[in-house]
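Structure first, then comments.
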């Protein structure tokens, strides 16, 4: 019926030869709708709900169940998941290794989550490491890095990076860096700076040695945020001294290196971060100069600067995006 309709329209000249050919191809090969990401999201949510449900069940019945049984249950889940993953994993490779099946990633995620819960529970209840809380995070961190590389799992790599940050006494999320940290502490600032440099170095090492090259994004994503925030914190901490110039030079040097890397790898995301963080740093210099003019005059100059620089920033990003695509 539909074929006759399209043929009649084609015969009357209302449908071109090209359009008729496309219609026939679509009818021969009907378009399939992929639910790949919907299923992945549901599986991730399922793992989180399972962990939360077990935690709530244990919390409500801890007096009846007992701590020993809880540890045995968590350990059994952890070992069972790891057994399945080790048995079904594909051979190791320095390059990217795909998951053997759809459930592999989620069982590995559940295994690592159970491992962290087991280690935390063991330390909290039985003080296995005594007051040496660093070891309670250091050992799981090493295990997570090994698992991330051995099974080629980006999610586990993010967990390992978070544990590295916890071990160093900081939080890896940029929002938490800004909200919960004491940036008046030089120790915290230098700790952030060291962590950021280590992560950026890890990103470059992954690419340079071609060893799990696809891990570079995760390392660089966390590293660039932390390093910029640490450098900006250092600049404002030493705002009234000559040392502030050293921190500003550090920001400019990082921007130069990340700018070159963004163009080399054609990454607009990292180029955007370079522009935004550099804009914050440069704007602080202008505001400092404008506020020296006077109260009213300085305020007007600051307002004019932000209006003009905001427009300029948008135009710059548009031009850089075009330049990046043309490179």
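In the working numbering, the protein residues as written are 2 to 328. A virtual CB, placed ideally from N, CA and C, is assigned to each residue, including glycine.
I think residue i touches residue j, with their Cβ atoms under 8 Å apart; what is that distance to the nearest whole Å?
{"i": "residue 275", "j": "residue 259", "result": "5 Å"}
{"i": "residue 72", "j": "residue 119", "result": "7 Å"}
{"i": "residue 235", "j": "residue 190", "result": "5 Å"}
{"i": "residue 76", "j": "residue 110", "result": "Between residue 110 and residue 76 the Cβ distance is about 17 Å, and since that is not below 8 Å, they are no contact."}
{"i": "residue 282", "j": "residue 249", "result": "6 Å"}
{"i": "residue 217", "j": "residue 204", "result": "5 Å"}
Give the straight-line distance between the Cα atoms of residue i and residue j, rounded to the nearest whole angstrom.
{"i": "residue 101", "j": "residue 323", "result": "39 Å"}
{"i": "residue 128", "j": "residue 122", "result": "9 Å"}
{"i": "residue 321", "j": "residue 267", "result": "11 Å"}
{"i": "residue 253", "j": "residue 230", "result": "13 Å"}
{"i": "residue 173", "j": "residue 19", "result": "The predicted position of residue 173 is uncertain, since its pLDDT is 48 and thus under 50; a value taken from the coordinates is nonetheless stated next. Distance between the alpha carbons of residue 173 and residue 19: 55 Å."}
{"i": "residue 124", "j": "residue 78", "result": "19 Å"}
{"i": "residue 222", "j": "residue 271", "result": "8 Å"}
{"i": "residue 167", "j": "residue 158", "result": "14 Å"}
{"i": "residue 49", "j": "residue 93", "result": "28 Å"}
{"i": "residue 137", "j": "residue 196", "result": "19 Å"}
{"i": "residue 328", "j": "residue 251", "result": "27 Å"}
{"i": "residue 312", "j": "residue 302", "result": "16 Å"}
{"i": "residue 67", "j": "residue 40", "result": "36 Å"}
{"i": "residue 140", "j": "residue 314", "result": "45 Å"}
{"i": "residue 170", "j": "residue 108", "result": "29 Å"}
{"i": "residue 305", "j": "residue 319", "result": "22 Å"}
{"i": "residue 131", "j": "residue 88", "result": "35 Å"}
{"i": "residue 293", "j": "residue 241", "result": "14 Å"}
{"i": "residue 90", "j": "residue 133", "result": "35 Å"}
{"i": "residue 316", "j": "residue 263", "result": "18 Å"}
{"i": "residue 43", "j": "residue 113", "result": "19 Å"}
{"i": "residue 325", "j": "residue 202", "result": "24 Å"}
{"i": "residue 2", "j": "residue 12", "result": "Low confidence applies here, because residue 2 scores a pLDDT of 47, under 50, leaving its location unreliable and the question unanswered by this model."}
{"i": "residue 277", "j": "residue 261", "result": "16 Å"}
{"i": "residue 220", "j": "residue 211", "result": "14 Å"}
{"i": "residue 46", "j": "residue 74", "result": "21 Å"}
{"i": "residue 273", "j": "residue 300", "result": "28 Å"}
{"i": "residue 22", "j": "residue 8", "result": "11 Å"}
{"i": "residue 54", "j": "residue 103", "result": "23 Å"}
{"i": "residue 86", "j": "residue 80", "result": "10 Å"}
{"i": "residue 297", "j": "residue 245", "result": "27 Å"}
{"i": "residue 17", "j": "residue 269", "result": "40 Å"}
Secondary structure at residue i, three-state DSSP: helix, strand or coil?
{"i": "residue 154", "result": "coil"}
{"i": "residue 132", "result": "coil"}
{"i": "residue 242", "result": "coil"}
{"i": "residue 276", "result": "helix"}
{"i": "residue 173", "result": "Reliability of the predicted coordinates at residue 173 is poor, the pLDDT of 48 falling under 50, and the value obtained from them is presented with this limitation in mind. If DSSP states are grouped into helix, strand and coil, residue 173 belongs with coil."}
{"i": "residue 96", "result": "coil"}
{"i": "residue 104", "result": "coil"}
{"i": "residue 235", "result": "helix"}
{"i": "residue 308", "result": "helix"}
{"i": "residue 91", "result": "coil"}
{"i": "residue 320", "result": "helix"}
{"i": "residue 271", "result": "helix"}
{"i": "residue 249", "result": "helix"}
{"i": "residue 67", "result": "coil"}
{"i": "residue 164", "result": "helix"}
{"i": "residue 54", "result": "helix"}
{"i": "residue 259", "result": "helix"}
Nearest to residue i by alpha carbon, out of the options?
{"i": "residue 329", "options": "84, 118, 289", "result": "Because the chain here runs from 2 to 328, residue 329 falls outside it and cannot be looked at."}
{"i": "residue 228", "options": "53, 193, 262", "result": "193"}
{"i": "residue 82", "options": "91, 57, 116, 53", "result": "116"}
{"i": "residue 285", "options": "233, 130, 8, 42", "result": "233"}
{"i": "residue 187", "options": "242, 238, 87", "result": "238"}
{"i": "residue 200", "options": "213, 226, 210", "result": "226"}
{"i": "residue 279", "options": "290, 326, 291, 257", "result": "257"}
{"i": "residue 265", "options": "245, 208, 220", "result": "208"}
{"i": "residue 198", "options": "103, 255, 80", "result": "255"}
{"i": "residue 307", "options": "202, 57, 288", "result": "288"}
{"i": "residue 70", "options": "126, 46, 53, 17", "result": "126"}
Does the segment 136-149 come within contact of the segment 161-170, defined as at least 3 CB pairs closer than 8 Å? Enough Cβ pairs lie closer than 8 Å, so yes.
Sufficient close CB pairs (3 or more, under 8 Å) joining the segment 151-160 to the segment 98-117: Yes, since at least three Cβ pairs between the segment 151-160 and the segment 98-117 fall closer than 8 Å, the two stretches touch.
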